[in-house]
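Note sheet for the following structure.
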Amino acid sequence: MGAMSTYDLPRRPRRLRQNPAMRALTAETRLHPADFILPTFVADGIEDKREIASMPGVYQHTTDSLKALCHEALEAGVKCVDVFGVPRDEDKDATGSVAWDEDGVLNRNLRALREEFGDDLLIMADTCLDEFTDHGHCGALSTDRFGNEIVDNDKTLPLYAKMAVAQAEAGAHIVSPSGMMDGQIAVIRDALDEAGYQDVSIMAYSAKYASKFFGPFRDAVGSSLTGDRRTYQQDPANIRESILETQLDIDDGADFVMVKPALPYLDVLREIADMSPVPVAAYQVSGEYAMMAAAGRNGWIDFEETMMESLVSIKRAGADQIFTYYAIEAAKEVR
Ligand code: PBG
Numbered sequence: 048m049g050a051m052s053t054y055d056l057p058r059r060p061r062r063l064r065q066n067p068a069m070r071a072l073t074a075e076t077r078l079h080p081a082d083f084i085l086p087t088f089v090a091d092g093i094e095d096k097r098e099i100a101s102m103p104g105v106y107q108h109t110t111d112s113l114k115a116l117c118h119e120a121l122e123a124g125v126k127c128v129d130v131f132g133v134p135r136d137e138d139k140d141a142t143g144s145v146a147w148d149e150d151g152v153l154n155r156n157l158r159a160l161r162e163e164f165g166d167d168l169l170i171m172a173d174t175c176l177d178e179f180t181d182h183g184h185c186g187a188l189s190t191d192r193f194g195n196e197i198v199d200n201d202k203t204l205p206l207y208a209k210m211a212v213a214q215a216e217a218g219a220h221i222v223s224p225s226g227m228m229d230g231q232i233a234v235i236r237d238a239l240d241e242a243g244y245q246d247v248s249i250m251a252y253s254a255k256y257a258s259k260f261f262g263p264f265r266d267a268v269g270s271s272l273t274g275d276r277r278t279y280q281q282d283p284a285n286i287r288e289s290i291l292e293t294q295l296d297i298d299d300g301a302d303f304v305m306v307k308p309a310l311p312y313l314d315v316l317r318e319i320a321d322m323s324p325v326p327v328a329a330y331q332v333s334g335e336y337a338m339m340a341a342a343g344r345n346g347w348i349d350f351e352e353t354m355m356e357s358l359v360s361i362k363r364a365g366a367d368q369i370f371t372y373y374a375i376e377a378a379k380e381v382r
């Protein structure tokens with residue numbers, strides 16, 4: 048048996064990489080415009096759309112500019128937009144009550160979008176209180192028996208229920224509880240059904256980590272938070288609890304489950320995709336976008352190409368839907 052020459056290698060994997068047609072023929076993962084969900088920000092009390100400093104190309108919108116953005120998304124083939132409301136500071140309070148006010152910034156704009164788009168574009172509402180509370184936490188606060196201030200799980204649940212019902216009433220096709228309170232899916236499902244909104248779906252932020260990659264988002268929504276969310280969002284060191292959280296959400300009626308952030312948590316995404324009988328979304332968060340945008344601006348990486356690589360990686364790891372601030376550009380790229 049002689050040494051193997053270059054002519055008798057048993058396998059030549061490079062044969063399938065030799066030109067674009069061959070690579071396209073053999074690609075295992077393909078992005079499609081309908082994979083993407085576009086997160087959007089709509090703000091009260093601004094005259095013109097305003098760029099978010101840490102997220103170049105992403106804006107706080109007025110109702111008009113939000114509608115224009117959504118038309119652009121639809122034309123690019125995107126089927127769903129996720130809407131976050133940014134209230135005026137003076138409208139924030141301890142429970143975030145403007146979140147269930149039908150004239151609050153989020154509900155008003157959900158209504159405007161549903162009127163504009165009907166069922167052509169799916170309208171998802173962010174169902175969380177952090178944008179609306181004056182302390183910036185995702186729920187109501189209480190003092191525990193040792194005198195410590197805590198984010199009170201059970202005091203928050205009925206507030207989420209009211210918020211979800213108001214969003215359904217305003218026309219949201221999908222509500223998306225992102226606050227990581229235990230039991231939030233069951234409580235919201237019951238409240239929606241009781242109010243007659245059996246047709247409204249729930250996108251559950253199931254495996255959501257206490258992540259510093261959310262930094263630019265907090266600029267985007269003018270968050271009032273000081274401190275962190277580690278008593279309710281998951282520890283980045285853990286994966287088992289993601290499976291538990293996801294299973295509980297599925298049992299409680301989640302129509303979709305989600306892993307967030309995306310790129311630093313692809314291992315979590317893979318495990319969830321393997322166990323979930325419902326669609327699994329991944330959220331490419333503000334910090335993921337900001338890092339690539341910033342490095343791109345410095346000429347250190349190619350922003351567009353790294354973005355597309357990152358999105359295909361997220362899909363390869365098991366995402367059925369991908370939330371990305373790059374949704375419109377990505378959809379145009381792959382359609
Ligand atoms: C909370 C919420 C956050 C994001 C989406 N929903 C922030 C947080 O949990 O602090 C982050 C999204 C992003 O970083 O792009 N309602």
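In this text, residue positions in the sequence shown follow this note's numbering: the first is 48, and each later residue adds one.
Using N, Cα and C, we set each Cβ at its ideal position, and we do this for glycine too.
| Item | Value |
| --- | --- |
| Roughly how many angstroms separate the alpha carbons of methionine 102 and leucine 113, rounded to a whole number? | 17 Å |
| With a CB to CB cut of under 8 Å and the five nearest residues on each side skipped, what residues in its chain are close to arginine 70? | Leu63 and Arg64 |
| How many Å lie between glutamine 231 and leucine 272 at the Cα? | 21 Å |
| For alanine 301, which residues in the same chain have their Cβ closer than 6 Å to its Cβ, ignoring the five residues on either side in sequence? | Ile232, Ile249 and Ala251 |
| Assuming lysine 307 and lysine 255 are in contact, meaning their beta carbons sit under 8 Å apart, how far apart are those beta carbons, in whole angstroms? | 5 Å |
| Count the other CB atoms, across all protein chains shown, that sit within 10 Å of the CB of phenylalanine 193; report buried if there are 16 or more and exposed otherwise. | exposed |
| When you compare only the Cα positions, how much space is there between cysteine 117 and valine 128? | 7 Å |
| For the alpha helix (DSSP H) containing tyrosine 336, name the first residue and the last one. | 333-344 |
| Rounded to whole angstroms, what's the CA-CA distance from alanine 211 to proline 60? Just pull it up for me. | 51 Å |
| Report yes or no: do the stretch 367-382 and the stretch 81-96 share at least 3 C-beta pairs separated by less than 8 Å? | yes |
| List in chain order: all unbroken beta strand (DSSP E) runs of 3+ residues lying wholly within the stretch 79-104. | 83-90 and 97-99 |
| CA-CA distance, valine 325 and glutamate 292? | 14 Å |
| Going by the DSSP bridge assignment, what does phenylalanine 370 pair with across the sheet? | Ile84 and Tyr330 |
| At the level of alpha carbons, what is the spacing between aspartate 349 and alanine 342? | 8 Å |
| How about glycine 334: is its Cβ closer than 7 Å to a heavy atom in the ligand PBG? | yes |
| Alpha carbon to alpha carbon, what distance is there between lysine 96 and valine 125? | 21 Å |
| Considering only C-alpha positions, which residue in the set Gly165, Phe164, Asp199 and Asp191 is nearest to leucine 176? | Asp199 |
| Please list the terminal residues of the continuous alpha helix (DSSP H) segment that includes threonine 190. | Taken as a continuous stretch (DSSP letters only), threonine 190 belongs to no alpha helix (DSSP H), being part of the beta strand (DSSP E) at 188-190. |
| May I ask you to report which of helix, strand or coil DSSP gives proline 224? | strand |
| Could you tell me which residues DSSP puts in a beta bridge with phenylalanine 131? | Phe88 |
| When you compare only the Cα positions, how much space is there between valine 89 and leucine 78? | 28 Å |
| Nearest to aspartate 296 by CA position, among Met228, Pro134, His182 and His108, is which residue? | Met228 |
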